[in-house]
Amino acid sequence: MKLPITVLAASAALWSAEAAAQSPAQRDSIARFRDRVATIGDTVTLLAMEDSMIAIARGDRDNALLHVQLGFLAYRLGELTEGNAHFDDAAGEFEWAAEIEPEWPFAWYGLGLAELAMGEHSVIALENIRQILGKDYLSKAARAFAQAARVDPAFAQGVIELAGTAMQQRIRPRLEVALEALRLAGQTAAAAVPELLLVRGRVERQIGSGDSAVAAFTRYLMVGGDSGVGYFELSRSLYHVGRPRRGEGAYFFGLRVGRSDSTTAIYRDDLAWLATDEELATFDTLRHEERAPWVRAFWSQRDIADVRAPGERLREHQRRYLHARERYALMSRHRRYSFENPFRTDQQVFDDRGVVYLRHGEPDRVATLSGPGVDPNESWLYGRRDGNLVFHFVARADVQDYKLVESLLDVLGPSYGLQVQAGAAPVTGTAQELLVSRQFLDPIYQRLAMGASVQQRALTEERRMGERTVAVGTTTDSYPIRFASELDAVIQRHVVSGERPGEAVVLLAFSVPGDQLAPEAWSDRIAYRLSVRAVVSVAGEPVAFLDTLQTVTVDHVFGAEEFMHGHVAIPVPAGEYELQVVLTEPRRDAGRLAIDDELLVPDFESDRFQISDIVVGRVGGGSRWIAGDDTVSVTARRRFPAPSRLQVYYEVHGLNPGDGYRSRLEVRKRGGGSVFGFFKRLFGGGGAPIALAFDGVASGPTTRILQTVDLEDLAAGSYRLRISVESPDGERSVDQEIDLELVGT
């Protein structure tokens with residue numbers, strides 16, 4: 015839309031009579047002018063308007079309204095031409111207006127916009143110095159917006175812009191200025207402006223006032239703010255003040271009720287810190303009603319993958335985000351990459367340390383080296399079963415912007431590490447110090463510090479490790495289980511048949527020393543609780559998951575030699591898996607993680623002749639497992655007092671009903687012959703050292719066998735229990751064996 019120059023000139027003449035004070039009508043006229051000019055995309059028209067108004071201003075130099083209008087006109091030219099000269103002209107006009115009428119908020123607001131638009135200096139190092147001195151564009155803009163808020167806190171847009179610049183700077187004094195302006199505005203009519211309440215909540219949270227942030231976001235929702243955005247921000251603040259259940263509820267409620275593009279964007283941006291490209295592509299295709307269930311599954315899958323309780327991964331993500339905002343936020347929007355930087359991102363919130371921290375949390379170890387000629391640097395170690403991740407970060411021109419490099423020696427220069435690796439540069443004294451400083455992170459740095467004879471091979475290996483770390487570490491996320499103290503628990507897994515025909519279950523038995531658990535008084539009983547979580551996965555994808563709380567009650571407090579026994583059963587289809595089991599004492603930070611990466615679940619539905627795992631327990635001890643018509647004692651600790659009576663359970667699969675079979679049970683001293691000499695007296699002596707043998711008839715595809723074995727004559731020691739089963743024709747035989755230990759009573 016074009017505005018006739020003659021009309022603008024006439025309007026300017028009228029403004030001169032109104033310049034004594036800025037009335038609401040004047041403010042409205044400025045806003046209307048600004049909005050009209052913002053619709054003009056023709057620079058020729060704008061320049062002609064500017065020339066005409068400048069001519070008027072020469073004869074009316076003290077017309078503050080005219081200078082404000084000229085400021086917005088120049089600002090629009092700057093937007094269209096992307097030239098700092100026009101923004102500089104705008105700043106000059108707004109400054110002139112502010113000198114004439116220092117109590118006009120629009121003059122200060124316009125000055126803030128112009129300073130903000132002029133951008134940072136093209137030389138990063140110089141801009142950093144200017145920023146430290148408080149003379150960069152953000153500092154100037156913040157001061158201008160603060161002045162707009164000071165002269166009229168009801169001028170909401172100025173306060174909102176002030177808060178935005180202060181949050182981008184992340185300098186506490188500036189945040190406090192912004193917060194003061196926001197709180198002042200909250201005592202005026204601007205308290206009902208949703209955008210002001212939204213930014214106030216964000217500043218309150220960033221400065222550490224979590225409860226005030228919760229109040230601001232609650233108020234934002236009450237006055238009609240975007241429901242999805244509001245509940246997302248409320249959720250983050252509730253996590254911040256230690257109310258995770260309410261935080262989780264608000265998080266998913268926002269997804270359900272928020273339908274705006276802003277809601278979609280804020281949730282997508284949050285997921286993007288962790289999500290794969292494929293996951294984000296899927297999110298982008300979802301309909302509104304599909305988003306909440308999909309996002310819940312997104313977080314649930316991560317809980318399961320790390321054997322976490324439901325909701326833990328989302329809670330940890332919120333903690334990591336707030337910590338990263340405090341420690342690893344970018345101070346400058348200028349990020350320059352070179353060939354040495356293997357990881358690049360277009361986000362402008364965190365440096366590379368923040369990106370890694372959001373994905374993997376606290377590193378297990380951190381190392382750094384400072385000294386003359388050495389850029390700020392850090393190396394982070396994450397111990398992982400499938401290969402350690404060692405990240406190297408260096409801040410070159412910008413001391414606040416740490417970027418990833420592949421090799422530790424890249425810290426000393428973009429090409430230095432490659433030159434040393436190629437034999438074209440020596441390992442200097444500084445390089446040697448750098449290698450020594452990382453010796454405790456990984457053995458490879460010990461080898462690199464040893465001398466030239468091994469360095470070339472080790473440097474190549476170290477760079478490969480760095481390549482893998484960046485490739486894996488910036489595309490995956492993790493939250494491994496850690497405990498302040500380790501439970502001395504024993505966990506045994508058995509693969510046996512389930513309740514339904516052909517079904518297989520993983521029977522997990524556990525035993526935990528009672529004195530490592532916290533007793534709870536239940537009326538006249540003592541209760542002990544244990545959280546049990548297990549995940550069965552293949553290639554990192556969960557197949558089965560279990561999360562339960564086991565409770566036992568007894569009539570006394572457990573002593574040092576007493577144990578809490580229990581078991582759980584997880585149905586699992588046939589296949590090869592990894593099994594992870596976590597036992598946790600709910601009332602303190604104690605637990606045990608056990609991993610079996612060679613779990614084989616046979617196909618019990620096939621007609622293959624096979625035997626299940628052996629389940630063993632002491633008669634009258636352990637926990638009780640119902641297997642078909644039998645009640646089986648299950649004990650994870652295969653360590654029994656001598657003498658003992660044991661229950662031994664196993665299954666025979668692959669026979670037809672009515673088929674005969676022969677079962678043999680044998681116990682041998684580990685490393686020696688059979689110790690069942692006394693059974694020879696019972697069974698006639700003389701032959702092979704068989705403890706028990708019997709002929710049976712199969713009851714169907716699955717035949718359950720439960721035997722009781724007296725070990726009265728055995729001395730303390732280590733033994734091996736072996737069970738073998740032969741087919742009726744004697745041509746097929748299967749067996750299983752386990753180790754036992756007998757101790758003094």
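First residue of the sequence shown: 15, per my numbering; consecutive thereafter.
Note that beta-carbon positions come from the ideal geometry of N, C-alpha and C, so glycine has one too.
Here the structure is a predicted model, which is why all the values come from computation and not from measurement.
Gln201 in three-state terms, based on DSSP:
coil
What whole-angstrom Cβ distance do Phe266 and Leu248 have, given they're in contact under 8 Å?
Not really, about 12 Å apart at Cβ, beyond 8 Å.
Write down the C-beta distance between Val582 and Ala548 rounded to the nearest angstrom, noting that I regard them as a contact closer than 8 Å.
7 Å
Is Arg75 near the ligand NAD, in the sense that its beta carbon is under 7 Å from a heavy atom of that ligand?
Although the ligand NAD was asked about, the structure shown includes no ligands whatsoever.
Roughly how many angstroms separate the alpha carbons of Pro742 and Asp709, rounded to a whole number?
9 Å
Which value, in whole angstroms, describes the spacing of the CA atoms of Asn402 and Leu125?
52 Å
Close-in-space but distant-in-sequence residues of the same chain around Tyr675 (CB under 8 Å, 5 per side omitted):
Val666, Leu669, Asp709, Gly710, Val711, Ala712, Thr717, Val739, Glu740, Ser741, Pro742
Should Pro377 go down as buried or exposed, given a rule of 16 or more other Cβ atoms within 10 Å for buried?
buried
Roughly how many angstroms separate the alpha carbons of Gly487 and Arg184, rounded to a whole number?
27 Å
Among Ala445, Gln435, Gln414, which residue has its Cα nearest to the Cα of Val425?
Ala445
May I ask you to list the residues that DSSP assigns as paired with Ile318?
None, per the DSSP bridge assignment.
Proximity below 8 Å, CB of Leu269 to CB of Gly242
yes
Spatially closest choice to Val207 from Ala195, Tyr234, Ala229, by CA coordinates:
Tyr234
Which first and last residues belong to the alpha helix (DSSP H) in which Met578 is found?
From DSSP, Met578 is part of no alpha helix (DSSP H) but of the beta strand (DSSP E) over 577-585.
Buried versus exposed, by CB contacts within 10 Å (16 or more), Thr299
exposed
Kindly indicate which three-state DSSP category Pro38 falls into: helix, strand or coil?
helix
For His81 and Trp110, believed in contact at Cβ under 8 Å, the rounded distance:
5 Å
Roughly how many whole angstroms lie between the Cα atoms of Trp118 and Gln83?
13 Å
To the nearest angstrom, how far is it from the Cα of Tyr459 to the Cα of Val434?
15 Å
What are the boundary residues of the alpha helix (DSSP H) that includes Gly631?
Run containing Gly631: none in the alpha helix (DSSP H); it sits in the beta strand (DSSP E), 629-632.
From the DSSP output, in three-state form, read off Gln750 for me.
strand
In the structure shown, what three-state DSSP assignment does Pro742 receive?
coil
Simplified DSSP state of Pro494, which is helix, strand or coil:
coil
Report yes if the C-beta distance between Ala338 and Tyr371 is below 8 Å; otherwise report no.
yes
Sufficient close CB pairs (3 or more, under 8 Å) joining the stretch 522-541 to the stretch 353-371:
no
Please classify Asp561: does DSSP put it in a helix, a strand, or coil?
strand
For Val519 and Pro556, I'd like the C-alpha separation in whole angstroms.
16 Å
Start and end residues, beta strand (DSSP E) containing Leu597:
589-599
Between the alpha carbons of Thr649 and Glu326, how many angstroms are there, rounded?
31 Å
Rounded to a whole number of angstroms, what is the C-alpha to C-alpha distance between Thr57 and Glu96?
12 Å
With DSSP as the reference, please indicate the residues paired to Lys683 in a beta bridge.
Tyr733
Could you give the residue range of the alpha helix (DSSP H) that holds Ser241?
241-254
Which runs of the beta strand (DSSP E), 3 residues or longer, sit entirely within the stretch 495-573?
504-511, 518-527, 534-536, 539-552, 555-568
Any contact of the stretch 447-458 with the stretch 467-485, i.e. 3+ C-beta pairs under 8 Å?
yes
Looking only at DSSP bridge pairs, what is Trp845 linked to?
The structure shown does not extend to residue 845, since the chain is modelled only from 15 to 759, so the question has no answer here.
Find the nearest neighbour of Tyr342 within the set Gly172, His302, Glu392, Arg75, judged by alpha-carbon distance.
Glu392
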